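Before any comments, here is the structure.
Here's what the structure looks like:
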């Protein structure tokens, strides 16, 4: 094993709460009473096998310095602690066995940049003990591990403490003067933020795009790397229409990479997630503009 990370299991009045020992850094924490959380109990096939757990929902996100780690190495100590404490594991899966892209966007995950989920390498676990539920989502980006732990407990079992902080990774964007290669090498993803779209439009505004030129150079240099282009929209309009628009925006970027820069079509997949992963509030024009974007995510380096 290349990497081993210590974990601690701390007791609380009503249930055991998983926490991660240093070198983990908690970058987000929030407790919401009288809420709900979707717990996956099986893979996504035509639909997601799940239950809606209700109670006090506590969500924590951790960032871990994890060079050479695998998602299993991060998950295994947490899973073992749950089993030792008498939890029943409901579902435990990795990427394709979970249902891939569809599963990722059906489960409850805090949006980027707080939580990063590599579409090609993530793990999910759900567990239950009595009336308390727990889900864990784990993924990697470069030398960093991202862990989201969500606990759903009867409201009377938890003090109502609400805290929301985010020291999450910044720098996902690679503007015209930025270094696309270093962003992808370190984070595994980047925002192509000089691709501009008007609300409801799938047509790119402008002709020259430094981000696509840098991405094409990166792909040319890294011949075995494959990517996914993920389109996003603002919150104007309905969900179904925005899903189609976001996919078309990703398709527009893919077409340019293939036709203008000669990148092989089988190295680029496209997805659209509509308005379900915003990076800014949708109540201002600046926020809506930031949300109308295309991101590149490395899916394989083999």
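Residue numbers (this note's numbering): -7 to 294.
We put the CB at the ideal spot given by N, CA and C, even for glycine.
If you're wondering where the values come from, they're calculated on a predicted model, not measured in any experiment.
Inset, instruction - Express the C-alpha separation of residue 42 and residue 56 in angstroms, rounding to a whole number. - result: In this structure, the alpha-carbon of residue 56 lies about 28 Å from that of residue 42.
Legend entry - Minimum length 4: unbroken alpha helix (DSSP H) runs contained in the segment 18 to 97: Taking only runs of at least 4 residues, the alpha helix (DSSP H) segments lying wholly in the segment 18 to 97 are 63 to 76, 87 to 90 and 92 to 96.
Legend entry - Proximity to residue 208 [Cα-Cα], best of 257, 17 and 126: Nearest of 257, 17 and 126 to residue 208, Cα basis: 257.
Legend entry - C-alpha gap between residue 96 and residue 293, whole angstroms: Rounded to the nearest angstrom, the two C-alpha atoms are 20 Å apart.
Inset, instruction - Pull up the distance between the alpha-carbon of residue 182 and that of residue 172, whole angstroms please. - result: Going from the Cα of residue 182 to the Cα of residue 172 covers about 7 Å.
Inset, instruction - Using alpha carbons as the reference points, say which of 36, 109, 120 and 113 lies closest to residue 76. - result: Nearest to residue 76 by C-alpha distance, out of 36, 109, 120 and 113, is 120.
Inset, instruction - For the beta strand (DSSP E) holding residue 292, just list the boundary residues, first then last. - result: Per DSSP, residue 292 is one residue of the beta strand (DSSP E) stretching across 286 to 292.
Inset, instruction - From the DSSP output, in three-state form, read off residue 181 for me. - result: In the structure shown, residue 181 sits in a strand (DSSP, three-state: E or B).
Inset, instruction - Using the Cα positions of residue 79 and residue 125, report the straight-line distance between them to the nearest angstrom. - result: Taking the straight line from one Cα to the other gives about 9 Å.
Inset, instruction - Would you kindly check if the distance between the Cβ of residue 263 and the Cβ of residue 93 is under 8 Å? - result: Yes, the Cβ-Cβ distance between residue 93 and residue 263 is below 8 Å.
Inset, instruction - Between the Cα of residue 267 and those of 279, 261, 260 and 259, spot the shortest distance and give me the residue it belongs to. - result: The shortest C-alpha to C-alpha distance from residue 267 to any of 279, 261, 260 and 259 is the one to 279.
Legend entry - Sub-8 Å separation of residue 179 and residue 201 beta-carbons: No. Outside cutoff.
Inset, instruction - Specify, as a first and last residue, the run of the beta strand (DSSP E) that residue 144 falls within. - result: 136 to 145 is the extent of the beta strand (DSSP E) around residue 144.
Inset, instruction - Taking all protein chains shown into account, decide if residue 270 is buried (16 or more other Cβ within 10 angstroms of its Cβ) or exposed. - result: So residue 270 counts as buried.
Inset, instruction - Report the rounded CA-to-CA distance for residue 139 versus residue 195, giving the unit in angstroms. - result: Computed Cα separation, rounded: 36 Å.
Legend entry - Three-state class that DSSP yields for residue 233 in the structure shown: If DSSP states are grouped into helix, strand and coil, residue 233 belongs with the helices.
Inset, instruction - Check residue 212 in the structure and name its three-state DSSP category. - result: In the three-state scheme derived from DSSP, where H, G and I count as helix and E and B as strand, residue 212 is classed as helix.
Legend entry - Beta carbon of residue 242 nearer than 8 Å to that of residue 286: Yes.
Legend entry - residue 276, buried or exposed, once every other Cβ within 10 Å from all chains shown has been counted against 16: Residue 276 sits exposed, since fewer than 16 C-beta atoms from the chains shown fall within 10 Å of its C-beta.
Legend entry - Rounded distance between the beta-carbons of residue 98 and residue 40, thought under 8 Å: Between the beta-carbon of residue 40 and that of residue 98 there is about 4 Å, and that keeps the pair under the 8 Å contact cut.
Inset, instruction - Check whether the Cβ atoms of residue 249 and residue 204 sit closer than 8 Å, and answer yes or no. - result: Yes, they are a contact pair.
Legend entry - Local conformation of residue 223 per DSSP, three classes: Residue 223: strand per DSSP, three-state reduction.
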